[in-house]
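J.: Here you go, one structure.
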DNA sequence: TATGAATGAGAGTTCATTCAT
DNA sequence: GATGAATGAACTCTCATTCAT
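Residue numbers (our numbering), protein chains in the order written: chain A, 1 to 207; chain B, 208 to 414; chain C, 415 to 621; chain D, 622 to 828.
And the structure:
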């Protein structure tokens, strides 16, 4: 028996789990959770449907592991930003950049989250989604409010509307983003920030 | 002769169909198409599952009718805007406003479209979704290009990115919009346009 | 109000019934009883499925009326032959000829009978099918036995086998017979009788 | 080492399929394909309806496998006869004998074929039925024609009528034949051939 | 670890039948 | 006589899950 079995990559068993979860996430993202059969995941992974149950309790537990894994990493990044003591504008910039990085690394999980979270939040098992949403909203709303207060952001904003605007604008990108494309996540973040912060209108309006 | 005989309710047969489609759309939007059972729709409509098949060929044909009905109305509005000979900026403003009006009138259909269109486009039956998407892209991209050319929009925009930005930004609103709320569609459109066109940053950056 | 309404064709109501039964018989024969939907019959007859229930109690009662109507006419013809006091060979000839006449007049009913009688006989409602079969077997077997006894038929016949041979040979013709073709029923009967009685082999065997 | 390892039971997976197909064939033959529920087959086989779908794609694919399996074996036998270079009369004798052997081995499949082929031929999936029918007709008609030409068969025959006569006469036997009865297939074939070739009439007509 | 076979609940759909109008 | 709408039972089929091997 291995002595350091708690490490992630060191454990071959964990390696297999990850592979299977990655496969499952890809299929969930493409077809939707409900429309995905356990058989399809197994096919894609090269084993039989029943064999997946050696690794996971249920289809739902795969989904759970995918989403919670993603959220854990997301909050590691977000918390680092929020704890850095940046100004409102720089915080928004950092959060948006971090978000695109997460989309880059967890595209499938993000896509699943977008499609499925609305009805998952009603299930006790996925209570952490509600917690995450609340924390998320608090972080963004708070930053926007601070920014309006100190003049970083326009005073005439409907804050809740602006929050939804920025939030959706960023995350929906997961629906079309393909890792390894021409733009790096940071590059996309920069362009998005440019549009969100300064708008798309020309400085000198057309005659 | 009645003065209001041109209204939809004049045809009782079509009235029932509409009611049932509205019910189905609501459930599809809430639970997702795949996760929605025909029995659930029937329950909600107050009849038995089998009875729905007197009115519709299949669950899929309900979805079809909902989406095509929505797109028909959408394009009536869009075409009116596109044929009006407006400048690029005014066109974008009119399209965004029209979009929020459609979200107001077809909230469920829009939500369904957002969630399901990605895999529906692969089915021949829903080929019109592809057509619509192409036409949609052409209208928005073209307007943005014209606007960059005449200085209405910033010259340094990545046009495709800007297109996705505006497109998603508007339509995702269907996921949280509730008709009859405090903001009218036109009011929301105005605020969105303000953010999209001029950004959320303050004019005088914070010290 | 008509004074002689008890006659068959005189009563317009009966006329409608007959039309509908003829339509139903045609569809039953083509598709099989089970595979035929009441809606299909109604379509073919130019009314709605529910409306058939003004004329008939049930789908099964249509089948019943078709089969019993056919058997009534069949036995009128058969009884006339059997009561005519003919010799065995002439009796067989007359029965076969009469059978082809019935196939000509009741093709659909005969086809239905062939396909469905086997499982219908188990239902009490169709008990008359069993009676008819018994009477049928008695008539044919008896005639064959008489014929063997008086030398009309070969002495080395397995009578039961010969009975099945003649019976099937005749009635299966309903599966390909089309009224109004080049051969009259009497002509077909003559050719069949020639084969059944004298065989298809050449008189002088080929070297 | 087992001496009979070449038998079908050597492959356990195929063994189960065969069992299930045999059960299905029996029920289809008895009740008719349409009237047979998948549940009934499952009951008869001792498992649940859904479990059948582990082995077969659909009810229709069971039917398909039953019929194509039967036709494959039938044509193996027929082709051997047709390739043997026999004279017309001997060919007919061999084909009839082979047919009764097939009825003996595939009674259920033959009965199903008789009842269902007429509407199955319209479905593309069962196109091979049409092919088989054409080949069948060609083989029998050709043999009869050759026989008329060389005097083996009567010159005054309507060939098509004779073809149908022989064809039906043989295959309808599947509707009453029960394997393991008093007559072997070869014995029945001999008696049938005697009737078909030489007729049932006595040599010396009754005075 | 993985397979092959089965389970059982529930899905979408069909259809004979009913009945108020 | 016929329609339009609905019923309710049954059907074929799907699928997450289990378990002996």
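Think of the CB as a built atom: it goes at the ideal place given N, C-alpha and C, for glycine as much as any other residue.
Looking at C-beta atoms only, is the number of pairs between the stretch 265-272 of chain B and the stretch 284-298 of chain B that lie closer than 8 angstroms three or more?
T.: no
J.: Mapping DSSP to helix, strand and coil, what is residue 201/A?
T.: strand
J.: Which residues in chain A have a C-beta closer than 9 angstroms to the C-beta of residue 345/B? List them in chain order.
T.: Ordered by position in chain A, no residue passes the 9 angstroms Cβ test against residue 345/B, which lies about 17 angstroms from the chain.
J.: Counting C-beta neighbours from all protein chains within 10 Å, is the total for residue 278/B 16 or more, i.e. buried, or is it exposed?
T.: Under this definition residue 278/B is a buried residue.
J.: Distance check for residue 203/A and residue 191/A, CA to CA, integer angstroms please.
T.: Cα-Cα distance, rounded: 17 angstroms.
J.: Who are the neighbours of residue 736/D on chain C, taking C-beta pairs under 7 angstroms?
T.: 529
J.: In chain order, what residues of the same chain have a beta carbon less than 6 angstroms from the beta carbon of residue 566/C, not counting five sequence neighbours either side?
T.: Sequence-distant Cβ neighbours of residue 566/C in its own chain, meaning closer than 6 angstroms and more than five residues away, are 502 and 503.
J.: Does the stretch 338-348 of chain B come close enough to the stretch 252-265 of chain B to have 3 or more Cβ pairs within less than 8 angstroms?
T.: no
J.: With distances taken Cα to Cα, identify the nearest neighbour of residue 47/A among 93/A, 25/A and 20/A.
T.: 20/A
J.: Contact check, residue 199/A vs residue 404/B under 8 angstroms by CB: the rounded distance?
T.: 5 angstroms
J.: Out of 540/C, 506/C and 432/C, point me to the one whose CA is closest to residue 474/C's CA.
T.: 540/C
J.: Less than 8 angstroms between the C-beta atoms of residue 522/C and residue 443/C, yes or no?
T.: In contact: residue 522/C and residue 443/C (Cβ atoms closer than 8 angstroms).
J.: In the DSSP output, which residue or residues are listed as bridge partners for residue 567/C?
T.: In the DSSP assignment, residue 567/C forms a beta bridge with 822/D.
J.: How is residue 709/D classed by DSSP in three states: helix, strand or coil?
T.: In the structure shown, residue 709/D adopts helical secondary structure according to DSSP, grouped into three states.
J.: Just to make sure I have the definition right: I need the residues of chain D whose C-beta is within less than 8 angstroms of the C-beta of residue 615/C. Which are they?
T.: Within chain D, the C-beta atoms nearer than 8 angstroms to that of residue 615/C come from 710, 773, 774, 775, 818 and 819, in chain order.
J.: Could you give the distance in angstroms between the alpha-carbon of residue 150/A and the alpha-carbon of residue 311/B?
T.: 35 angstroms
J.: Using the beta-carbon count (16 or more within 10 Å), is residue 629/C buried or exposed?
T.: In the structure as shown, chain C begins at 415 and stops at 621. Residue 629/C is therefore absent and cannot be evaluated.
J.: Just verifying my parser: in three-state terms, what is the DSSP assignment at residue 533/C?
T.: helix
J.: Please report the Cβ distance between residue 308/B and residue 284/B, rounded to the nearest whole angstrom; I am assuming they are in contact, meaning their Cβ atoms lie under 8 angstroms.
T.: Their Cβ separation, rounded to whole angstroms, is 7 angstroms, which keeps residue 308/B and residue 284/B in contact under 8 angstroms.
J.: On the criterion of 16 or more Cβ atoms from any shown chain inside 10 Å, does residue 505/C qualify as buried, or is it exposed?
T.: buried
J.: So which residues of chain D does residue 578/C contact, with C-beta pairs closer than 8 angstroms?
T.: 794 and 797
J.: What residues in the stretch 61-82 of chain A have a beta carbon less than 9 angstroms from any beta carbon of chain B?
T.: none
J.: Short check: CB of residue 526/C to CB of residue 447/C, under 8 angstroms?
T.: Residue 447/C sits close to residue 526/C, with the two beta carbons spaced by under 8 angstroms.
J.: Going along chain D in order, which residues have a C-beta closer than 8 angstroms to the C-beta of residue 449/C?
T.: In chain order: 655 and 740.
J.: Which same chain residues, not among the five before or five after residue 806/D, have their C-beta less than 6 angstroms away from its C-beta?
T.: The residues are 721, 722 and 725.
J.: Rounded to the nearest angstrom, how far is the Cβ of residue 520/C from that of residue 559/C, given a contact under 8 angstroms?
T.: Contact doesn't hold; Cβ gap of about 28 angstroms is too wide.
J.: Taking the alpha-carbon of residue 381/B as reference, which of 244/B, 221/B and 321/B has the nearest alpha-carbon?
T.: 321/B
J.: Can you list, in chain order, the residues of its chain with a C-beta nearer than 8 angstroms to that of residue 223/B? Leave out the 5 residues immediately preceding and following it.
T.: 262
J.: Report buried or exposed for residue 718/D, applying the criterion of at least 16 other Cβ atoms within 10 angstroms of its Cβ.
T.: buried
J.: Going by the beta-carbon positions, is the gap between residue 379/B and residue 110/A smaller than 8 angstroms?
T.: no
J.: Can you tell me the Cα-Cα spacing of residue 371/B and residue 362/B, whole angstroms?
T.: Distance from the CA atom of residue 371/B to the CA atom of residue 362/B, rounded to whole angstroms, is 17 angstroms.
J.: So for residue 797/D, helix, strand or coil by DSSP?
T.: The three-state secondary structure of residue 797/D, taken from DSSP, is coil.
J.: Tell me the DSSP secondary structure of residue 311/B in three-state form.
T.: helix
J.: Could you check the C-alpha separation between residue 662/D and residue 652/D for me, to the nearest Å?
T.: 11 angstroms
J.: Measuring only the C-alpha atoms, how far is residue 201/A from residue 369/B?
T.: 11 angstroms
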